[in-house]
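**Q** Numbering follows my numbering, in which position 116 of the sequence shown is assigned residue number 316; successive positions increment by one, without gaps.
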Amino acid sequence: MEDDYQKISFPQSVPPSWLLSSSLIYLFFPFIIFSIGWLKIWFSLPLLLVSLFFCWRFYKKTSIQQKKSDSYSTKFLIILAFIALSWCLLSGIGGIFFQRFDYLKHNAIFRELVLNNWPVYFPESSYINDSAWLNYYISWYLPPALFSKIFGVESIEIFSLLWSWFGVWLILIWIVDLVQGRWWIGITTFMLFGGLELLVVLYQSIEYVASSGIDKAYFYHILRTGWEVAFANKVFRYMANTVLLTWSPQFAIGTWIATAMVWYFIRTKKYVPFTIPIGSVLLLWSPMATIGLALVCIFLFQKWHWINLFKPIEFLSSFPIIFVMFAFYTAHIPLDEPTFTFIEIPLIIFFWKYPLFLFIEYLSIAIIIWNNWVNEDKKHLNLVCILLALLALIKLGYNNDWLIQTGIAPLFIFILFVARFLATDHVNKLRKWKKYTLIFLLLCAFANPTRYFLISLFRSVLEPDLVTSVKIKDSPGLNDAGFSPNIGKQYLGHNMTFFYQVLARKL
C-alpha cells in the first residue's frame, strides 16, 4: 500500500554561495545597464549604488551562511554547461538553429538597441503614426546589446547566446540542487515537461480523418504547428519550458532564476528579505511574471516569512527601483483591458473547457502524486495547483500573455514536485495502475517539447516555409517588421509621460 512507506519531502539543499550570488547578479545586471543607459545621471547614480549594495550585501550574507554547501565537480558543471548550450541552440538562440516567428521581434529589438542611442526613440512609429519610445521588458536584450555596441552588430548573435547560456546553466544547477536524487531525471523533467497536448492533437486528427479521410497536407500541418495552441489558442495557454525558451527567452530565463531563489528562501527561511529586491528587478524581465512570483509568495509564505520579509534596509532600498519601473511601464501605450476567460468564450463551453484545460496541463499528474508527500509539501502542492487554476480565469493580451507569464513561477514549482517525485524511487512504490498511468501521462507530457527539438534538428524537412534564422544586422527594425498595429504597439511608450519627460536621458 502507498501509505505504508515514507512520504516524500524536498531535501534540505544548501546551494553554494557562488550560485546564489551569480543568480542575483544575473537578475540585477540588466537593470544596472538600464539605469545607466536610460536615466539621467541624477537618477541612475542612486539606482546604481542601490543595486551594487544589494549584490554586495547578498554576497556577504551567503558567503558566511553557505560555508557547508553542496559541492559540484568541475566535470559535472561542464556536463550541465553542455546541456544548457545544447538547449539554447536548439531553441534558436544565437541563430544557428531554426528560429520561430517571434525572432522577428527579438531580432528587431536587438537591432534597435545596438544601432541606436539609448533610450531608443522613434521619430515616427508606423504603428501609432506618432513619435514613440521603445518600452518593453528588455532585461534579456540589454547585456548582449551593450557588448555588441562595443564589438559591432555582427557579434550580437554570439553575445545573446553567451548571455542566455549562462542563465540557463545557472538554472540547471538550481534544478539539480533543489530536486537532488537522480540529477538527470530532474533535468529531463524540467526541460521536457508540458501539458497533454498530444492527446488533444490525436483526438483532433482522428476526428479529421473520420470526416475528411487521410490527408498528407493535414498531417504535415500537425507536425509543424505548435501543439500548445491546439486546445484553446488565445484563451487558455500555459507553456512548457522548452516552448518558453524557444519563443520567449526574454522573460523565461530571468523568471526561472528568480523563482528558484525564492523557492529556496521559502523552503529554508533564509534570505527572505531579499525577495523584494529580486521582485523589483524582475519587473524589467516581465511585470506579469513578477506578479506571478508575488502570488506564489502570497500563497506559500507563512507567518515567519511575512515577519522577516519587511526588513527595513532591503524593503526601503527597493522602493527607488520599484518607482522607476512603475514610471517606465505607465509610459507604455495602453493595451487591451483585462477580462475573464468565462467572458471570452460562451459560458456553456467554459464549464467543460476550463476544467479540461487544468486536467490537461497539470491536474492529471498532480492527482497521482498528491498523496505521496509529507504534509507541509502536500500543502504547498495544493496551493500551487489552486493558484494555477485561479490564474486561468483571467485573460490579458492577444494570446493571453497574462496566463503565459504569470504561470511561469507556479508551473516551475509544480515541475519541481514532479521532478522530485521521479528522481526518487517512489514511482516504483505506486500501485501498478497508478504507475503505468503516470508513465503514460508523462510520455504524453514530454511529446510536444521533444517535437520542438526534432523540428529544430530537421527544420529543412519539417518546416521549410516558416521563418528561418536571419542575421540580426540584416533584420528589419521594429518599424519595418510588418507587425499589425495591435502587435507593434506592445513595444512602444508615449513621449509625453513622466518617465520620458523627467527621468529619461535626453538624446
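Where a beta carbon is used, it is the ideal one built from N, C-alpha and C, also for glycine.
Does the beta-carbon distance from residue 486 to residue 521 come in below 8 Å?
**A** no
**Q** With DSSP as the reference, please indicate the residues paired to residue 539 in a beta bridge.
**A** 595
**Q** For residue 561, does the count of other Cβ atoms within 10 angstroms reach 16, so buried, or fall short, so exposed?
**A** Around the beta carbon of residue 561, 16 or more other beta carbons lie within 10 angstroms, which makes this residue buried.
**Q** Grouping DSSP H, G and I as helix and E and B as strand, with all else coil, what is residue 573?
**A** strand
**Q** Residue 451 and residue 529 - do their beta-carbons sit closer together than 8 Å?
**A** no
**Q** In the DSSP output, what is residue 692 paired with across the bridge?
**A** 334
**Q** Kindly identify the DSSP beta-bridge partner or partners of residue 623.
**A** In DSSP, residue 623 forms no bridge with anything.
**Q** In or out: residue 534 buried (at least 16 other Cβ within 10 Å) or exposed?
**A** exposed
**Q** Over what stretch of residues does the beta strand (DSSP E) that includes residue 357 continue unbroken?
**A** Per DSSP, residue 357 belongs to no beta strand (DSSP E); it is in the alpha helix (DSSP H), 356-379.
**Q** Terminal residues of the continuous beta strand (DSSP E) containing residue 322?
**A** 321-325
**Q** How close, in whole Å, do the beta carbons of residue 489 and residue 592 come, if the pair is a contact with beta carbons under 8 Å?
**A** Not confirmed; about 16 Å, so no contact.
**Q** Within 10 Å of its beta-carbon, does residue 684 have 16 or more other beta-carbons around it, so buried, or fewer, so exposed?
**A** exposed
**Q** What is the rounded straight-line gap between the Cα of residue 247 and the Cα of residue 482?
**A** 15 Å
**Q** Rounded to a whole number of angstroms, what is the C-alpha to C-alpha distance between residue 550 and residue 404?
**A** 19 Å
**Q** What would DSSP say about residue 704, mapped onto helix, strand or coil?
**A** In the three-state DSSP reduction, residue 704 falls in the strand class (E or B).
**Q** Check for me: the alpha helix (DSSP H) holding residue 637 runs from which residue to which?
**A** 632-657
**Q** Less than 6 Å between C-beta atoms, sequence neighbours within five positions excluded: which residues of the same chain meet that for residue 656?
**A** If we look at residue 656 and ignore the five residues flanking it on each side, its Cβ neighbours are 290, 297 and 298.
**Q** Note down, in chain order, each residue of its chain lying with its Cβ closer than 7 Å to the Cβ of residue 201, except the 5 sequence neighbours on either side.
**A** Residue placement at residue 201 is poorly supported in this model, since its pLDDT is 44, which falls under 50; the coordinates still yield a value, given next. None.
**Q** Which word fits residue 274, buried or exposed, when buried means at least 16 other C-beta atoms lie within 10 angstroms of its C-beta?
**A** When all chains shown are included, residue 274 counts as exposed.
**Q** Would you grab the beta carbon distance between residue 389 and residue 622 for me? Rounded to a whole angstrom, and I think it's under 8 Å.
**A** 6 Å
**Q** Is the Cβ-Cβ distance between residue 453 and residue 364 less than 8 Å?
**A** A Cβ-Cβ contact shorter than 8 Å links residue 453 with residue 364.
**Q** Give me whichever residues DSSP pairs with residue 239 in a beta bridge.
**A** 704
**Q** With a 10 Å radius around its C-beta and 16 neighbouring C-beta atoms as the bar for buried, classify residue 715 as buried or exposed.
**A** The structure shown has nothing for residue 715, since the chain only spans 201 to 707.
**Q** In angstroms with no decimal places, state the Cα-to-Cα distance between residue 681 and residue 691.
**A** 12 Å
**Q** For residue 180, is the classification buried or exposed, using 16 other Cβ atoms within 10 angstroms of its Cβ as the cut-off for buried?
**A** Residue 180 lies beyond the range of the chain shown here (201 to 707); nothing can be said about it.
**Q** Identify whether residue 210 lies in helix, strand or coil by the three-state DSSP scheme.
**A** coil
**Q** For residue 638, count neighbouring Cβ atoms within 10 angstroms of its own Cβ and tell me buried if that reaches 16, exposed if not.
**A** By the neighbour-count definition (other C-beta atoms within 10 Å, threshold 16), residue 638 is a buried residue.
**Q** Who does residue 532 pair with in a DSSP beta bridge?
**A** Answer is 693.
**Q** Cβ of residue 536 within 8 Å of Cβ of residue 597?
**A** yes
**Q** Secondary structure at residue 661, three-state DSSP: helix, strand or coil?
**A** Low confidence applies here, because residue 661 scores a pLDDT of 49, under 50, leaving its location unreliable; read the following figure in that light. Residue 661: helix per DSSP, three-state reduction.
**Q** Going by C-alpha distance, which of 466, 395, 504 and 614 is nearest residue 646?
**A** 395
**Q** Which residues in the same chain have their Cβ closer than 6 Å to the Cβ of residue 695, if we skip the five residues on either side of it in sequence?
**A** 331
**Q** Specify the secondary structure class of residue 606 as computed by DSSP and reduced to three states.
**A** helix
**Q** Is there contact between the region 311-327 and the region 693-707, where contact requires at least three CB pairs shorter than 8 Å?
**A** Of all C-beta pairs linking the region 311-327 to the region 693-707, three or more are shorter than 8 Å, placing the two stretches in contact.
**Q** Between 342, 312, 286 and 504, which lies nearest to residue 368 when the distance is taken from Cα to Cα?
**A** 286
**Q** What's the C-alpha gap between residue 407 and residue 281?
**A** 44 Å
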